[in-house]
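Accompanying notes for the structure given below.
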Amino acid sequence: MPKVTAIRCIRTRANGTWTIVKVLTDQPGLYGIGSASDHYHNTTVIHLIEQSLGPRLIGREAGHIEDIWQSTYTSGYWRNGSLLNTALAAIDVALWDIKGKEAGMPLYQLLGGPCRAAVPCYAHAVGEDLPSLEEDVRRYVEEGWPVIRCQLGPYGGGGFLDPAVARRPKNAWPSSQVFDDEAYLENIPAMFAYLRDKLGFGVKLTHDVHEHLRPQVAVTLAKLLEPYRLFFLEDALSPEQIAYFRLIRQQCTTPQAMGELFVNPHEWLPLIQERLIDFIRCRISKVGGITQAQKIAHLCEWFGVHTAWQEGGDNDPVNLAAAMHLDLASWNFGIQEENHFRPEELEVFPGHPVLERGYLYANDAPGLGVDLDEDKAAKLLDPEKASRIFYMAEDRRADGTVVRP
Ligand code: CO
3 MPKVTAIRCI RTRANGTWTI VKVLTDQPGL YGIGSASDHY HNTTVIHLIE QSLGPRLIGR
63 EAGHIEDIWQ STYTSGYWRN GSLLNTALAA IDVALWDIKG KEAGMPLYQL LGGPCRAAVP
123 CYAHAVGEDL PSLEEDVRRY VEEGWPVIRC QLGPYGGGGF LDPAVARRPK NAWPSSQVFD
183 DEAYLENIPA MFAYLRDKLG FGVKLTHDVH EHLRPQVAVT LAKLLEPYRL FFLEDALSPE
243 QIAYFRLIRQ QCTTPQAMGE LFVNPHEWLP LIQERLIDFI RCRISKVGGI TQAQKIAHLC
303 EWFGVHTAWQ EGGDNDPVNL AAAMHLDLAS WNFGIQEENH FRPEELEVFP GHPVLERGYL
363 YANDAPGLGV DLDEDKAAKL LDPEKASRIF YMAEDRRADG TVVRP
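For the sequence shown, the positions run 3 to 407 when this note's numbering is used.
The structure is reproduced here in structure tokens:
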């Protein structure tokens with residue numbers, strides 16, 4: 003049985019925000035890879051893996067995935083933090099990759115075998131105004147995407163006022179835009195009224211609130227959107243306000259998707275148990291990898307909750323591959339968020355999942371099926387760009403109060 007001999011991290015993407023972990027074994031050529039990417043704290047996660055979690059695992063049986071997960075999870079006593087979970091997930095996914103290679107099976111076979119031929123994904127349609135949004139939605143419909151997310155510009159779009167017309171204090175802090183809950187409440191239902199009028203009800207549509215609203219406004223929004231029969235409304239509330247999902251459920255039938263910021267079982271457990279959400283949206287790498295995510299999927303099955311693992315802009319093809327294998331093997335899979343990569347980025351990952359007309363296709367190579375070309379990974383990294391520090395955009399209300407992103 004293979005034993006772990008080394009664990010190291012490789013940074014890539016031009017801006018250095020992708021980190022791929024490589025777990026090496028004592029069997030020639032046998033290794034696994036996993037995603038340790040964190041857009042905002044990338045070097046901190048690398049330090050955690052290479053200086054803290056990794057050295058503990060040298061000499062351990064690579065196949066003891068559950069035992070390694072459980073003992074690593076509590077190895078620093080405190081647990082369930084975003085960065086610790088990411089480091090743990092990277093190692094976990096790499097160990098699953100190794101096990102698949104040992105078995106000679108793609109991961110979706112090891113996880114129970116495929117429940118579907120390919121993985122339906124949702125597209126990200128955006129427009130600064132309604133006609134351009136409609137045009138973008140129509141483009142995705144024609145391309146064959148089964149579900150389409152609709153946004154008026156960036157997150158919070160539809161809720162932004164020109165600072166010149168917003169009722170701001172005389173000593174207002176400089177700001178290029180002002181977020182206003184009531185404007186959002188006005189514009190987003192109007193957006194769906196427009197889209198349903200133009201496109202009918204045959205197209206499956208979603209919307210991402212990205213937690214911008216005051217909780218009571220979020221309840222009102224969900225209620226106002228009910229006539230437009232969304233596939234789901236995403237992140238209506240911030241993780242701190244999840245108790246408000248009970249109020250949403252009492253008020254309307256708009257399906258709820260939640261969880262991309264979740265890192266702790268106590269965040270998702272009540273929502274699943276009480277059937278307060280319809281789609282669980284955790285990011286595989288933020289909940290501790292395939293081991294943890296498959297448990298979440300299985301738990302959800304019995305409460306009628308479907309999976310919609312988070313992907314989006316800052317994820318890498320290795321995290322997407324991990325999600326795809328779970329998507330294929332989970333009966334209660336709902337939909338997969340898309341990810342779009344540049345051709346030169348995909349070249350770094352031979353065997354990457356293939357996205358075609360709204361469906362994601364796996365190959366039948368053993369393990370994750372995706373590899374890392376380290377030379378190309380190094381060439382893709384731009385040291386200048388990679389030295390920058392990234393922060394989440396700050397949206398603020400008229401008086402300057404920061405909005406939870
Ligand atoms: Co989201």
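Where is the CB? At the ideal position from N, CA and C, for every residue including glycine. The structure displayed is predicted, hence computed values, not measured ones.
Rounded Cβ spacing between residue i and residue j (contact assumed at less than 8 Å)
| i | j | result |
| --- | --- | --- |
| W311 | Q275 | At roughly 20 Å, the Cβ-Cβ gap does not stay under 8 Å, so W311 and Q275 are not in contact. |
| V95 | I150 | With 8 Å as the limit, V95 and I150 do not qualify as a contact, their Cβ atoms being about 29 Å apart. |
| L271 | A299 | About 14 Å; that fails the 8 Å criterion. |
| I22 | D375 | So it is not a contact: roughly 11 Å between Cβ atoms. |
| Y2 | H214 | Examination of residue 2 is not possible in this model, given that the chain is present from 3 through 407 alone. |
Own chain partners of residue i with C-beta closer than 7 Å, once the 5 adjacent residues on each side are dropped
| i | result |
| --- | --- |
| L249 | V221 |
| T256 | A224, L227, E228, L232, L235 |
| R216 | D183 |
| L109 | W98, G102, H327, G369, L370 |
Residue i in three-state terms, based on DSSP
| i | result |
| --- | --- |
| E242 | helix |
| W175 | coil |
| T255 | coil |
| I48 | helix |
| T222 | helix |
| T88 | helix |
| Y157 | coil |
| G61 | coil |
| I391 | coil |
| Y110 | helix |
| S77 | coil |
One or two residues paired with residue i in a DSSP bridge
| i | result |
| --- | --- |
| M260 | I282 |
| F335 | T309 |
| L357 | L362 |
| D210 | E236 |
| V180 | L163 |
| R141 | Answer is none; R141 lacks a bridge partner. |
| I150 | A125, L207 |
| C11 | V23 |
| E340 | None; E340 has no bridge partner. |
| R216 | Partner(s): none; R216 has no beta bridge. |
| K5 | E63 |
| I292 | Looking at the DSSP assignment, I292 forms no beta bridge with any residue, so it has no partner. |
| Y33 | L26 |
| R398 | V404 |
Cβ-based neighbour list, residue i, same chain, cut-off 8 Å, excluding 5 preceding and 5 following
| i | result |
| --- | --- |
| W333 | C117, E303 |
| G65 | M3, P4, L97, I100, K101, E104 |
| T293 | I67, E68, W71, D94, W98 |
| C123 | W147, P148, V149, I337, Q338, E339, E340, L357, G360, Y361, L362 |
| N189 | L154, G160, G161 |
Cβ neighbours of residue i in the same chain (closer than 6 Å, five flanking residues each side left out)
| i | result |
| --- | --- |
| Y157 | H212 |
| W20 | T14, S39, D318 |
| R251 | L278 |
- Message: Quick check: the region 381-400 against the region 180-193, are at least 3 beta-carbon pairs closer than 8 Å?
- Response: yes
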